[in-house]
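*Asks:* In our numbering, the protein residues as written are 255 to 735.
Note that the Cβ used here is the ideal one computed from N, Cα and C, for glycine as well.
Below: one structure in structure tokens.
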Amino acid sequence: MMRKKVIISIIALALLVCLLVTAVACESYKASALSKVGDKNAVVESNGGLVVKQGGYLYFINGYTDYLTEKGKQNWFGKVTKGAIVRVTYNEDGTIGDDFTVVVPKSIMASSENVGFSIFGEWIYYVSPSAEEDRSGAVQTDTLQFMRTKIDGTGTQVILNWDNTSVKYKYTANALVFYDSANSKLYSKDLSVKKFKKNKPGDLIDEDVASVHFIKNETYDPKAESSVADYVLYTKNSKDSYESTNTLYISDARGSKDSKKTLIGADSYADAKYNVSVVASSVTNGKLAIYYTKTSYIGTSTSGTVQGTYAYEFQDKTFAFSAAKEVCLSPKELSSLFPLSYSEGVVKTGSNAAIYYTDGREVTSFGELSLDTLLCVKNGNFYYLNSDGKLLYYPLTKDGNAHYAYTTDEKFMTSFTGAEFFDGYFYFIQDDDYDYMSRIKLSEIDIYSGKDATVTRVAIVTAADETKMEEAEKKDDSSDK
């Protein structure tokens with residue numbers, strides 16, 4: 255009899271828990287599959303930014319919504335349009351269709367080195383601020399959710415919950431790699447599994463990590479072997495407390511033992527010991543090039559001497575380093591570089607812009623030209639943003655002045671994931687009263703044409719914003735009369 259009472263009590267308790275759970279609404283990731291689906295076997299271009307192309311579709315972040323801090327439900331799956339990932343037909347000539355479709359109805363954002371979203375095969379990988387609320391109803395804005403959704407809009411999963419919205423991370427085809435800076439640990443989370451333990455960080459690549467550099471890998475071909483661009487670079491400080499030197503390592507995205515190698519360490523140089531800091535990297539024809547500063551230290555002194563900024567191209571995946579083959583770009587520390595390719599050189603951005611070469615050519619200086627936000631180098635021009643977020647260009651021949659791409663005053667949003675250049679167009683979140691995706695065609699930017707380059711909004715605009723736009727237009731029309 256006692257046994258029956260215990261069983262009944264357990265059942266009653268279980269029913270009570272169920273009632274409590276159902277009383278509190280939970281975010282659901284259920285969704286119907288889209289009627290038209292892209293090709294999961296197609297090559298992906300422009301991975302990791304605001305726009306990603308896969309096959310005949312262009313996927314893009316529809317706009318910026320801030321962190322939706324009033325209520326967590328604002329960012330519930332299925333309730334987001336502005337800030338969602340939207341898809342549209344993309345033609346070979348760069349024109350787009352009118353079949354705008356929300357694929358991931360979730361707010362996409364993160365403050366992590368201009369990282370946007372990526373597509374690998376049938377999965378879209380992204381990050382979103384937590385939509386969960388604490389007991390007082392405050393949205394837990396300090397929690398970032400790493401997530402994925404299939405390209406047909408179904409199968410959404412939370413890969414990882416992480417209590418740091420500025421975490422450095424990178425998605426690859428096989429793993430999410432991220433840096434826990436608070437605990438100096440570098441993690442890899444396997445993406446090949448069917449179910450994730452969302453509160454577990456994954457596998458430890460290394461600990462006592464001082465800094466991390468993620469190599470850009472914008473192209474993914476499912477038929478090709480993994481690229482060196484999927485590797486991660488990181489440094490560890492000397493274990494000797496009296497030394498200020500460090501070691502530069504490389505590892506694949508899964509942290510495989512046979513992939514972990516020392517690139518530059520205490521034994522790499524015969525003349526001294528150094529602290530190495532990676533500034534930039536590039537991959538050309540499958541070869542990894544790194545651009546780094548070196549600071550030498552003598553004995554137990556904590557005051558180092560800057561030796562300059564250097565470049566080195568590794569010839570294969572053995573990543574063999576020879577000090578005799580490194581190239582000194584400058585005897586000064588160049589803290590911000592924009593690589594073109596190893597043979598073409600790197601652009602020193604910021605104030606007093608210049609191009610440094612690896613083949614011995616003299617540095618090309620551009621006087622007081624400031625390239626704080628360089629977007630690309632095309633058609634013999636720098637294309638960059640000024641401090642107001644407006645697009646300008648300047649000729650590499652230095653025989654002209656900087657020119658605005660348009661005179662209509664549209665601004666690029668730079669506080670989000672930045673802007674990017676892809677397939678002849680500049681894509682950016684337009685910094686205005688609405689904050690939607692827009693684009694500008696590079697070939698239309700020409701001061702001699704006498705016309706402004708057209709800024710075109712590329713987005714699904716919400717009904718509320720459409721009303722605001724119509725009201726603003728009526729107000730402008732009445733003021734012109």
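1. Less than 8 Å separating the beta-carbons of residue 690 and residue 715?
2. Using beta-carbon positions only, say whether residue 537 and residue 574 come within less than 8 Å of one another.
3. Can you tell me where the beta strand (DSSP E) holding residue 413 begins and where it ends?
4. So is residue 303 buried or exposed if we call it buried at 16+ other beta carbons inside 10 Å?
5. Assign residue 650 to one of three DSSP states: helix, strand, or coil.
6. Note down, one range per segment and in chain order, each beta strand (DSSP E) of at least 3 residues found wholly within the stretch 688-731.
7. Can you tell which of 288, 309 and 289 has the C-alpha that lies nearest to the C-alpha of residue 295?
8. Please give the ranges of any beta strand (DSSP E) in the stretch 523-568, keeping only runs that are unbroken, at least 3 residues long and fully inside the region.
9. Report all residues from its chain with a CB closer than 6 Å to the CB of residue 297; omit the five preceding and five following residues, and keep chain order.
10. Using DSSP's beta-bridge definition, name the partner residues of residue 350.
11. Classify residue 721: buried if its beta carbon has 16 or more other beta carbons within 10 angstroms, exposed otherwise.
12. Excluding the 5 residues flanking residue 463 on each side, which residues of the same chain have their C-beta closer than 8 Å to its C-beta?
13. Tell me which same chain residues have a C-beta within less than 8 Å of the C-beta of residue 401, skipping the five on either side of it?
14. Comparing alpha-carbon positions, which option in 286, 352, 422 and 350 lies nearest residue 358?
15. Could you give the distance in angstroms between the alpha-carbon of residue 307 and the alpha-carbon of residue 300?
16. I need the boundaries of the beta strand (DSSP E) containing residue 469, first residue and last residue.
17. Return the residue from the list 435, 390 and 281 that minimises the CA-CA distance to residue 466.
18. Can you give me the start and stop residues for the beta strand (DSSP E) that residue 483 sits inside?
19. When burial is assigned at 16 or more other CB atoms within 10 Å of the CB, is residue 533 buried or exposed?
20. Measuring only the C-alpha atoms, how far is residue 600 from residue 669?
21. Thinking C-beta only, is residue 424 closer than 8 Å to residue 371?
22. Whole angstroms are fine: how far does the CA of residue 419 sit from the CA of residue 367?
23. For residue 388, which residues of its own chain have a beta-carbon under 8 Å away from its beta-carbon, when the five flanking residues on both sides are left out?
24. According to DSSP, simplified to helix, strand and coil, what is residue 328?
25. Got a sec? Which residues, its chain only, sit under 6 Å from residue 523 by beta carbon, not counting five neighbours each side?
26. What is the DSSP secondary structure of residue 393, reduced to helix, strand or coil?
27. Which partner residues does residue 618 have in the DSSP bridge list?
28. Does any residue of chain B bring its CB to less than 8 Å from the CB of residue 338?
29. Which residues in the same chain have their Cβ closer than 8 Å to the Cβ of residue 350, if we skip the five residues on either side of it in sequence?
30. Can you tell me the Cα-Cα spacing of residue 493 and residue 500, whole angstroms?
31. Less than 6 Å between C-beta atoms, sequence neighbours within five positions excluded: which residues of the same chain meet that for residue 660?
32. How big is the Cα-Cα spacing for residue 545 and residue 624?
33. Classify residue 702: buried if its beta carbon has 16 or more other beta carbons within 10 angstroms, exposed otherwise.
34. Pick from 391, 674, 340 and 564: whose alpha carbon is nearest that of residue 317?
35. Looking at C-alpha atoms only, which residue of 582, 565, 622 and 606 is the closest neighbour of residue 594?
36. Report back the beta-carbon spacing between residue 551 and residue 527 to the nearest angstrom; my notes put them in contact at under 8 Å.
*Replies:* Put simply:
1. Against the sequence shown, residue 690 aligns to sequence position 436. Against the sequence shown, residue 715 aligns to sequence position 461. By the CB criterion at 8 Å, residue 690 and residue 715 fall inside the cutoff.
2. Here the question's residue 537 lines up with position 283 in the sequence shown. Here the question's residue 574 lines up with position 320 in the sequence shown. Contact flag unset, no.
3. The residue labelled residue 413 in the question sits at position 159 within the sequence shown. Here the beta strand (DSSP E) through residue 413 covers 411-416.
4. The sequence position of residue 303 within the sequence shown is 49, counting from 1. With 16 or more other Cβ atoms within 10 Å, it is buried.
5. By 1-based counting over the sequence shown, the position of residue 650 is 396. The answer is coil: DSSP assigns residue 650 none of H, G, I, E or B.
6. As for any beta strand (DSSP E) of minimum length 3 sitting wholly inside the stretch 688-731, the runs are 691-695 and 709-711, ordered along the chain.
7. For this step, residue 295 is matched to residue 41 along the sequence shown. Nearest option by C-alpha distance: 309.
8. Counting only runs of 3 or more, we get 527-538, 541-551 and 559-567.
9. Indexing the sequence shown from 1 puts residue 297 at position 43. Excluding five sequence positions before and after residue 297, the CB atoms of its chain that fall closer than 6 Å to its own CB belong to 475, given in chain order.
10. Position 96 of the sequence shown, counting from 1, holds the residue named residue 350. Beta-bridge annotation (DSSP): residue 350 is paired with 344.
11. Reading the sequence shown from its first residue, position 467 is the one you call residue 721. Taking a 10 Å sphere around the C-beta of residue 721, we find fewer than 16 other C-beta atoms and assign the residue as exposed.
12. Mapped onto the sequence shown, residue 463 falls at position 209. Excluding positions up to five away in sequence, the list reads 433, 438, 439, 440, 488, 489 and 490.
13. Position 147 of the sequence shown holds residue 401. In chain order, 360, 379, 380, 381, 382, 410, 411, 412 and 413 place their CB closer than 8 Å to the CB of residue 401, counting only its own chain and leaving out the 5 sequence neighbours on each side.
14. Within the sequence shown, the letter at position 104 stands for residue 358. The residue from 286, 352, 422 and 350 with its alpha-carbon nearest to that of residue 358 is 286.
15. In the sequence shown, residue 307 corresponds to position 53, counting from 1. In the sequence shown, residue 300 corresponds to position 46, counting from 1. Computed Cα separation, rounded: 6 Å.
16. If you number the sequence shown from 1, residue 469 lands on position 215. No beta strand (DSSP E) contains residue 469, which DSSP labels as neither H nor E.
17. Looking up residue 466 in the sequence shown gives position 212. It is 435 whose Cα lies nearest to the Cα of residue 466.
18. Counting from 1 along the sequence shown, the entry for residue 483 is found at position 229. Counting along the chain, residue 483 falls outside any beta strand (DSSP E), and DSSP gives it neither H nor E.
19. Your numbering for residue 533 matches position 279 in the sequence shown. Classification of residue 533: buried, given that the 10 Å Cβ count is 16 or more.
20. Taking the sequence shown and counting its residues from 1, one reaches residue 600 at position 346. Taking the sequence shown and counting its residues from 1, one reaches residue 669 at position 415. If you draw a straight line from the Cα of residue 600 to the Cα of residue 669, it comes to about 25 Å.
21. Numbered from 1 along the sequence shown, position 117 holds the residue referred to as residue 371. Numbered from 1 along the sequence shown, position 170 holds the residue referred to as residue 424. No. Outside cutoff.
22. Here the question's residue 367 lines up with position 113 in the sequence shown. Here the question's residue 419 lines up with position 165 in the sequence shown. Interpretation of residue 367 is limited by its pLDDT of 49, a score under 50 that renders its predicted location unreliable; the figure taken from the coordinates is listed afterwards. Between the alpha carbons of residue 367 and residue 419 lies a distance of about 12 Å.
23. Working through the sequence shown from its first residue, we reach residue 388 at position 134. In the same chain as residue 388, and ignoring 5 residues on each side of it, the C-beta atoms closer than 8 Å to its own belong to 394, in chain order.
24. Numbered from its first residue, the sequence shown carries residue 328 at position 74. Looking at residue 328 - three-state DSSP - the assignment turns out to be helix.
25. Here residue 523 refers to the residue found at position 269 when the sequence shown is read from its first residue. Take residue 523, set aside five residues on each side of it, and the residues of its chain with a beta-carbon closer than 6 Å to its own are 577, in chain order.
26. As a first step, residue 393 is located in the sequence shown; it is residue number 139 there, counting from the start. Annotated three-state conformation of residue 393 is strand, per DSSP.
27. Looking up residue 618 in the sequence shown gives position 364. In DSSP, residue 618 forms a bridge with 609.
28. Of the chains in the structure shown, none is chain B; there is only one protein chain.
29. Residue numbering aside, residue 350 sits at position 96 when the sequence shown is read from its first letter. Only 312, 342, 343, 344 and 712 meet the Cβ criterion.
30. To locate residue 493, count along the sequence shown from 1; it is residue 239. To locate residue 500, count along the sequence shown from 1; it is residue 246. One C-alpha to the other measures close to 9 Å.
31. Counting from one through the sequence shown, the residue named residue 660 turns up at place 406. Answer for residue 660: 706 and 707, listed in chain order.
32. One-based indexing of the sequence shown puts residue 545 at position 291. One-based indexing of the sequence shown puts residue 624 at position 370. If I take the Cα positions, the gap works out to 21 Å.
33. Along the sequence shown, read from residue 1 onward, the residue named residue 702 stands at position 448. With fewer than 16 Cβ atoms within 10 Å of its Cβ, residue 702 is classed as exposed.
34. Counted from its first residue, the sequence shown places residue 317 at position 63. That would be 340, whose Cα lies nearest to the Cα of residue 317.
35. The residue given as residue 594 occupies position 340 in the sequence shown. If we check each option's Cα against that of residue 594, 565 comes out closest.
36. In the sequence shown, the residue the question calls residue 551 occupies position 297. In the sequence shown, the residue the question calls residue 527 occupies position 273. For a cut-off of 8 Å, the C-beta gap from residue 551 to residue 527 is around 6 Å, short enough to register as a contact.
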